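Chemist: Attaching a single structure in structure tokens format; questions to follow.
Number of protein chains: 2
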Amino acid sequence: MVSSSDADKRDTESPFLAALANQPASRVPVWFMRQAGRSLPEYRALRPDGSILEAVKNPELAAELTIQPVQRYGVDAAVLYSDIIVPVHAAGFGVDIVPGQGPVTSQPFREVADLSRLEHFDADEDCAYVAKTVQLLKGELQVPLIGFAGAPFTVASYLIEGQPTRNFIRTKKMMHDEPDLFGALLARLAEITIDFLGMQVRAGADALQLFDSWVGALSPREYRRYVFPHVKTIFDAIGTFGVPGIHFGVNTSDLLESIAATGTKAIGLDFRTELSLAQRRLGPDMVLQGNLDPTVCLCGEETVLSEARQVLVDSASTRGYIFNLGHGVLPETDPQRLLALVDFVHAEGNAIRQVGLEGS
Amino acid sequence: MVSSSDADKRDTESPFLAALANQPASRVPVWFMRQAGRSLPEYRALRPDGSILEAVKNPELAAELTIQPVQRYGVDAAVLYSDIIVPVHAAGFGVDIVPGQGPVTSQPFREVADLSRLEHFDADEDCAYVAKTVQLLKGELQVPLIGFAGAPFTVASYLIEGQPTRNFIRTKKMMHDEPDLFGALLARLAEITIDFLGMQVRAGADALQLFDSWVGALSPREYRRYVFPHVKTIFDAIGTFGVPGIHFGVNTSDLLESIAATGTKAIGLDFRTELSLAQRRLGPDMVLQGNLDPTVCLCGEETVLSEARQVLVDSASTRGYIFNLGHGVLPETDPQRLLALVDFVHAEGNAIRQVGLEGS
Chain A
1 MVSSSDADKR
11 DTESPFLAAL
21 ANQPASRVPV
31 WFMRQAGRSL
41 PEYRALRPDG
51 SILEAVKNPE
61 LAAELTIQPV
71 QRYGVDAAVL
81 YSDIIVPVHA
91 AGFGVDIVPG
101 QGPVTSQPFR
111 EVADLSRLEH
121 FDADEDCAYV
131 AKTVQLLKGE
141 LQVPLIGFAG
151 APFTVASYLI
161 EGQPTRNFIR
171 TKKMMHDEPD
181 LFGALLARLA
191 EITIDFLGMQ
201 VRAGADALQL
211 FDSWVGALSP
221 REYRRYVFPH
231 VKTIFDAIGT
241 FGVPGIHFGV
251 NTSDLLESIA
261 ATGTKAIGLD
271 FRTELSLAQR
281 RLGPDMVLQG
291 NLDPTVCLCG
301 EETVLSEARQ
311 VLVDSASTRG
321 YIFNLGHGVL
331 PETDPQRLLA
341 LVDFVHAEGN
351 AIRQVGLEGS
Chain B
1 MVSSSDADKR
11 DTESPFLAAL
21 ANQPASRVPV
31 WFMRQAGRSL
41 PEYRALRPDG
51 SILEAVKNPE
61 LAAELTIQPV
71 QRYGVDAAVL
81 YSDIIVPVHA
91 AGFGVDIVPG
101 QGPVTSQPFR
111 EVADLSRLEH
121 FDADEDCAYV
131 AKTVQLLKGE
141 LQVPLIGFAG
151 APFTVASYLI
161 EGQPTRNFIR
171 TKKMMHDEPD
181 LFGALLARLA
191 EITIDFLGMQ
201 VRAGADALQL
211 FDSWVGALSP
221 REYRRYVFPH
231 VKTIFDAIGT
241 FGVPGIHFGV
251 NTSDLLESIA
261 ATGTKAIGLD
271 FRTELSLAQR
281 RLGPDMVLQG
291 NLDPTVCLCG
301 EETVLSEARQ
311 VLVDSASTRG
321 YIFNLGHGVL
331 PETDPQRLLA
341 LVDFVHAEGN
351 AIRQVGLEGS
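Chains as they are written, first to last, in my numbering: chain A, 1 to 360; chain B, 1 to 360.
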């Protein structure tokens, strides 16, 4: 275990936490969504095929998988090895993750009676293995640990559809035609999420990211009416936990002002939205994270670094800025590319941002 | 055949063409992307299972399928029954449409030599059946006929990936790592597209829509660099054809200013982007089309009309406005919903827009 003074030092000197506090960072911090995962040979060596949920329930393994990318890449933050459906699985809803497919349930959420399947959840009790993983990690890591959870809409979409979906047909039908039922589901998921996130903070998580990955499937009007209140409840709670929160979603360009209004301190952007434009729209108090297209990381190193340079230039006007991809690392990614990327961002990030600022 | 004076009358009195000319329309014009399709029982009755390309090659059948939704719904425009891969299929590239899956090729575009598979294309010769369908329709229709084509990026993505894709990995890799090859492919597809669209206009099409459905998979920087020049070439050509052009794509919110710079007269928006915001960004000269979420049309009639009302209110500040969905009609859609929607837009559209304008 690090001593508390070591921990304090780590926190105050962490470029990731500095940027997340909207302060200048000694170097541009960088981490990757899904940095722990199938793109790493050491990950594939440790984790047998089968549901990710089994690995999550094994604290020693989950901690090791969390640490692997920190050791390999030298990223500025670790992100807990877990999954957005962990708490609803732990509540006993009956949902699993099918490798290569995603979250699947044979009994989707369809009616009021299904709310009872989410009735019993106590994060400390039902997800003790997650707390244990966090505690193990806090004794090992020299960088901050990001805890996370799925947001109500995104988790609800899996429960309602029963499988990954393209058009969110059943989800949107319920949202519009049975708004009370949909609202009750999202409210319950918000409660579960808050409990789950609070537990991670008590166990030692230094920051929290809320994945509302699929919320960009909604129009701004739908988001404000049916989803925003529940996300705001979660960020209100995060505010009381004493750690910074980050919101992430794909295709959220039209939702950014609404997402900012949830109270999140930081927004992770996918690769579609230019950082400079988001900065102008959201103002100087919002920390931004992103947004290199993960597909670019499958290209040659020259392309990867040249595109990363463009992202850094585009980030120049944003004070609190964290480099990341615009979505998760693709399994086909060559770890050498990400290593070169981290080295590049660390070595040249602040200089490029400075030039970008002077050039703008 | 209608006489030329009838045709003139139809054109000048067409609410669709008036709106597309950015003029006030006697009623809010409405049509639906994929209005001809599996959601209609009369369509399913006429078309056997199998590739849509066979139906497209049968002018009498294709004309009948084009007319069906006009007769049933009373929409303000017909859209040619065709597919975005028709011209590359006709060029002999070797691509087909697998029902329930989409465009598929067993020999994807991978190298310079594959350009020869697109070398020979003459729209008049290779797509004579399309011209014949248009000519048949012009003798039957009382509303304008929209011709269309797929845009270079979207068509290229099918040719490069070999099948529908989620991440456009191979497409983006080629774009970044082999920009000359990618550029040559898009340039050739632009030539084919221009030939194909020009032929439709010569046969009688009254307006053209360019489907760059998947271009929202790109960042604005990628779009401007690798795709914009080819789309601009197409809209430059459409400008010489003497008919108005419409651009459509999904997830294009971050690209709108670039798309406007292609010279298109009108932009079709998906349901994510608010019409009023697009209007402010693009100015009073841009005609807008859209953008009710097609998934909403699977909900109850009350929901459909209430959401349509919101779209109409949101359109109030846009002078030239065409009601449409934010993407194609879903096969599961009950035609009764679309009929109610057309009646509603026709009966109340202009009044709702007027109130919206006064309220803004």
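Note that beta-carbon positions come from the ideal geometry of N, C-alpha and C, so glycine has one too. In this text, all values refer to a predicted model and were calculated from it rather than measured experimentally.
Closest to A:L338 by CA distance: which of A:I85, A:L298, A:Y321, A:T264 is it?
Modeler: For A:L338, the nearest C-alpha among the options comes from A:L298.
Chemist: So what's A:N58 in DSSP terms, helix, strand or just coil?
Modeler: In the structure shown, A:N58 sits in coil (DSSP, three-state: anything other than H, G, I, E or B).
Chemist: Taking 8 Å as the threshold (beta carbon to beta carbon), is A:N251 in contact with chain B?
Modeler: At least one chain B Cβ lies under 8 Å of A:N251.
Chemist: Which bits of chain B does A:I361 rub up against, with CB to CB less than 8 Å?
Modeler: What is shown of chain A runs 1 to 360, which leaves residue 361 of chain A out entirely.
Chemist: Between which residues of its own chain and B:L292 is the CB-CB distance below 7 Å, once the five residues before and five after are set aside?
Modeler: Excluding positions up to five away in sequence, the list reads F271, E307, A308, V311, L325, G326.
Chemist: Which chain A residues are close to B:D126, counting only those with a beta carbon under 9 Å from its beta carbon?
Modeler: Here the premise fails: no neighbours, minimum Cβ distance about 33 Å.
Chemist: Would you mind working out which of B:V130, B:G263, B:A45, B:P59 sits nearest B:F228, comparing C-alpha positions?
Modeler: That would be B:G263, whose Cα lies nearest to the Cα of B:F228.
Chemist: Give me the DSSP bridge partner(s) of B:Q209.
Modeler: DSSP output for B:Q209 lists B:F148, B:I246 as bridge partner(s).
Chemist: Please return the same chain residues whose Cβ sits closer than 8 Å to the Cβ of A:D8, not counting the five positions on each side in sequence.
Modeler: With a pLDDT of 46 at A:D8, under the threshold of 50, the modelled position of this residue cannot be trusted, and the question is left open.
Chemist: Identify the contact partners of B:E274 in chain A, using a Cβ-Cβ distance below 8 Å as the criterion.
Modeler: By Cβ distance, chain A contributes S219, P220, R221, D254.
Chemist: Does any C-beta atom of chain A lie closer than 8 Å to the C-beta of B:G283?
Modeler: Chain A contact via Cβ: absent.
Chemist: Count the CB pairs spanning the stretch 268–282 of chain B and the stretch 339–359 of chain A that are closer than 8 Å, and state whether there are at least three.
Modeler: Taking 8 Å as the limit for Cβ pairs, the verdict is that the stretch 339–359 of chain A does not touch the stretch 268–282 of chain B.
Chemist: To the nearest angstrom, report how far apart A:P69 and A:A63 are at their CA atoms.
Modeler: Roughly 11 Å separates the two Cα atoms.
Chemist: Is the shortest distance between the beta-carbon of B:G216 and the beta-carbons of chain A less than 8 Å?
Modeler: Closer than 8 Å: yes.
Chemist: Keeping to the same chain, check which residues put their C-beta closer than 6 Å to that of B:G216; ignore five residues upstream and five downstream.
Modeler: Within the same chain, B:G216 has close Cβ partners G249, V250, N251, T252.
Chemist: Please classify B:N350: does DSSP put it in a helix, a strand, or coil?
Modeler: Three-state DSSP puts B:N350 in a helix.
Chemist: Nearest to A:Y158 by CA position, among A:D126, A:Q107, A:L137, is which residue?
Modeler: Minimum Cα distance to A:Y158 is reached at A:Q107.
Chemist: Let's test the definition: count the other Cβ atoms within 10 Å of the Cβ of B:S26 and tell me whether it reaches 16, buried, or not, exposed.
Modeler: So B:S26 counts as exposed.
Chemist: For the stretch 298–312 of chain A, list every residue whose C-beta sits within 7 Å of some C-beta in chain B, in sequence order.
Modeler: Hits within the stretch, in order: L298, C299, G300, T303, Q310.
Chemist: Just reading off the alpha helix (DSSP H) that B:P179 is part of, what are its end residues?
Modeler: Residues 179–203.
Chemist: Evaluate the contact criterion for the stretch 176–189 of chain A versus the stretch 134–144 of chain A: three or more CB pairs, one atom per stretch, below 8 Å.
Modeler: Verdict: no, contact absent.
Chemist: Bridge partners for A:P103 per DSSP, in chain order?
Modeler: Beta-bridge pairing links A:P103 to A:I97.
Chemist: Starting from the C-beta of B:S51, find all residues in its chain whose C-beta is less than 8 Å away, skip the five residues before and the five after it, and write them out in chain order.
Modeler: Contacts found: D96, I97, V98, P99.
Chemist: Measuring only the C-alpha atoms, how far is B:E348 from B:L256?
Modeler: Cα to Cα, the separation comes out at about 29 Å.
Chemist: For a contact meaning CB atoms closer than 8 Å, what does A:D177 contact in chain B?
Modeler: Residues of chain B passing the Cβ test: C299, G300, T303.
Chemist: In whole angstroms, give me the CA-to-CA distance for B:E274 and A:D254.
Modeler: Between B:E274 and A:D254, the C-alpha separation is close to 8 Å.
Chemist: Enumerate in chain order the residues of its own chain whose CB-to-CB distance from B:L218 is below 7 Å, with the five nearest sequence positions on each side excluded.
Modeler: Excluding sequence neighbours, B:L218 sits near V227.
Chemist: Does the stretch 113–124 of chain A come within contact of the stretch 194–211 of chain A, defined as at least 3 CB pairs closer than 8 Å?
Modeler: They touch, by the three-pair rule.
Chemist: Grab the span of the beta strand (DSSP E) containing B:G290 for me, first residue to last.
Modeler: Segment 287–292, the beta strand (DSSP E) holding B:G290.
Chemist: Within its chain, find whatever has a CB closer than 7 Å to the CB of B:I238; leave out the 5 residues flanking it on each side and keep chain order.
Modeler: Once the five neighbours on either side are set aside, the close Cβ partners of B:I238 are L197, L208, G245.
Chemist: Is it right to say B:Q142 is buried, meaning 16 or more other beta carbons lie within 10 angstroms of its own, or is it exposed?
Modeler: Exposed.
Chemist: Going by Cα to Cα distance, which pick from B:A205, B:T171, B:V243 is closest to B:A21?
Modeler: Of B:A205, B:T171, B:V243, the residue nearest in Cα terms is B:V243.
Chemist: Does the Cβ-Cβ distance between A:G382 and A:R72 come in under 8 Å?
Modeler: For residue 382 of chain A there is no data in the structure shown, the boundaries of chain A being 1 and 360.
Chemist: Grab me the residues of B:E302's own chain with a C-beta within less than 7 Å of its C-beta, minus the 5 sequence neighbours each way, in chain order.
Modeler: Within the same chain, B:E302 has no close Cβ partners at all.
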